[in-house]
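Visitor: Let me begin by handing over the structure; questions about it come next.
2 protein chains.
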Amino acid sequence: MRRKKGALVPLEISILAACINLALSGLKESHGFLIAKQIGDQQGARMLTAHGTLYKALGRMAKGGLLESRWEDPVIAAEESRPRRRFYRVTAEGQAALRAARAPAPRSTGASVTALV
Amino acid sequence: MRRKKGALVPLEISILAACINLALSGLKESHGFLIAKQIGDQQGARMLTAHGTLYKALGRMAKGGLLESRWEDPVIAAEESRPRRRFYRVTAEGQAALRAARAPAPRSTGASVTALV
DNA sequence: TGACAAAAGGCATATATCTTCCTATTCTTT
DNA sequence: AAAGAATAGGAAGATATATGCCTTTTGTCA
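Chains as they are written, first to last, in our numbering: chain A, 1 to 117; chain B, 1001 to 1117.
Right, dumping it as structure tokens:
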């Protein structure tokens, strides 16, 4: 769905919100699976039937500068006997994009635009 | 299915045979996924619909001394961007068990026992 | 306003291993 | 021979990430 430059699709808003929520809970970095659970647990879920959609969004956002990512140290993953994670952090740009998406679109006439939550 | 000590169930025979085949192809060590493909490609497949059965058998056989196992170096897996593998090698005991399973059961009276292939 | 193209969403599947739950089979004991 | 115990097998899901294909949505341009 071809996008207006700088606009966020609903999934991206959810991802940013989830990351920030998790960060407020003390987790500076989140990984995809955790974000999926965070989103799924809060909203009606099923938004991520197969997780492909989420990972595609994460990659897209990282490429676009809304998120920063790094791979987990493989030795740590090995010690915990699980696949390696990829951690994401919301960048300043990401925070700005979220604020912009939540605020009413800039308008001269202060009209009745419903805030997006 | 409670088992006679030292006997092999069909899946175990397949695993040992697959490992040995792969070893003859030059792969000294095999991992579960590879063995699954080897078995699946040869036999009618669907024996391993979910791979749980295979991994349970591998663990069981390793514990019983038919296989030796080691984890792949996590850094190598990371470099190849995939989950870590666990490698298995057939032990001398495993080879002996396979031979025994393939040979007719030892008997004093040479009866009509069908060989298990 | 209608059509097109680009991107987002959904589903399946690949890569790997492991666990839990339930059913089916078989060995052993009485 | 019947009953009981133990284990094998099968399905599904958890842990993590990623790609490919197809459908749907939406912004933009004519």
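C-beta atoms are modelled at their ideal positions from N, C-alpha and C, and glycine is treated no differently. A quick note: this is a predicted structure, and the numbers were derived from the prediction, not measured.
If you measure beta-carbon to beta-carbon, which residues of the region 1074–1103 of chain B are closer than 7 Å to chain A?
Guide: Residues are counted here when their Cβ sits less than 7 Å from a Cβ of chain A; for the region 1074–1103 of chain B these are Pro1074, Val1075, Ala1077, Ala1078, Pro1083 and Arg1084, given in chain order.
Visitor: Where do the ends of the alpha helix (DSSP H) carrying leucine 67 of chain A lie?
Guide: Judged by DSSP secondary structure, leucine 67 of chain A falls outside any alpha helix (DSSP H) and instead within the beta strand (DSSP E) spanning 67–71.
Visitor: Under the three-state reduction of DSSP, which class applies to arginine 86 of chain A: helix, strand or coil?
Guide: strand
Visitor: Go ahead and label glutamate 12 of chain A buried or exposed: buried means 16 or more other beta carbons lie within 10 angstroms of its beta carbon, across all protein chains shown.
Guide: Burial call: buried.
Visitor: Quick check on the burial criterion: 16 or more other C-beta atoms within 10 angstroms. Buried or exposed for leucine 24 of chain A?
Guide: The residue is exposed, with fewer than 16 neighbouring Cβ atoms inside 10 Å.
Visitor: Tell me, please, whether the region 1014–1021 of chain B touches the region 54–69 of chain A by the rule of three or more beta-carbon pairs shorter than 8 Å.
Guide: no
Visitor: Do you know how far the Cα of leucine 8 of chain A is from the Cα of alanine 97 of chain A?
Guide: The straight-line gap separating the alpha-carbon atoms of alanine 97 of chain A and leucine 8 of chain A is approximately 7 Å.
Visitor: Determine the direct distance from the alpha carbon of serine 1069 of chain B to that of histidine 1031 of chain B, and round the result to whole angstroms.
Guide: 9 Å
Visitor: For the region 9–56 of chain A, which segments carrying the alpha helix (DSSP H) assignment without a break, of at least 4 residues, lie completely within its bounds, in sequence order?
Guide: 10–24 and 32–42
Visitor: Judging by CA-CA distance, which residue of B:Ala1101, B:Pro1074 and B:Pro1010 is the nearest neighbour of phenylalanine 1087 of chain B?
Guide: B:Pro1074
Visitor: Is it buried or exposed for isoleucine 1076 of chain B, if we count other Cβ within 10 angstroms and need 16 for buried?
Guide: exposed
Visitor: Among B:Arg1089, B:Ala1101 and B:Gln1095, which one has its Cα closest to the Cα of glycine 1026 of chain B?
Guide: B:Arg1089
Visitor: What do you get for glycine 94 of chain A, buried or exposed, if any count of 16 or more other CB atoms within 10 angstroms of its CB means buried?
Guide: buried
Visitor: If you compare alpha carbons, which of A:Ala101, A:Cys19, A:Ala36 and A:Gln38 is closest to glutamate 29 of chain A?
Guide: A:Cys19
Visitor: In whole angstroms, what separates the C-alpha of threonine 1091 of chain B from that of glycine 1064 of chain B?
Guide: Whole-angstrom Cα-Cα distance: 11 Å.
Visitor: Go through its chain and collect everything with a Cβ distance to glutamine 38 of chain A's Cβ below 7 Å, but skip five positions before and after it.
Guide: These residues qualify, in order along the chain: Ala18, Asn21 and Leu22.
Visitor: Output needed for arginine 1060 of chain B: all residues of its chain with C-beta closer than 7 Å, excluding positions within five of it in sequence on either side, in chain order.
Guide: none
Visitor: With alanine 78 of chain A and arginine 1082 of chain B assumed to form a contact (beta carbons below 8 Å), what rounded beta-carbon distance in angstroms separates them?
Guide: Not quite, the Cβ-Cβ distance comes to about 13 Å (not below 8 Å), so this is no contact.
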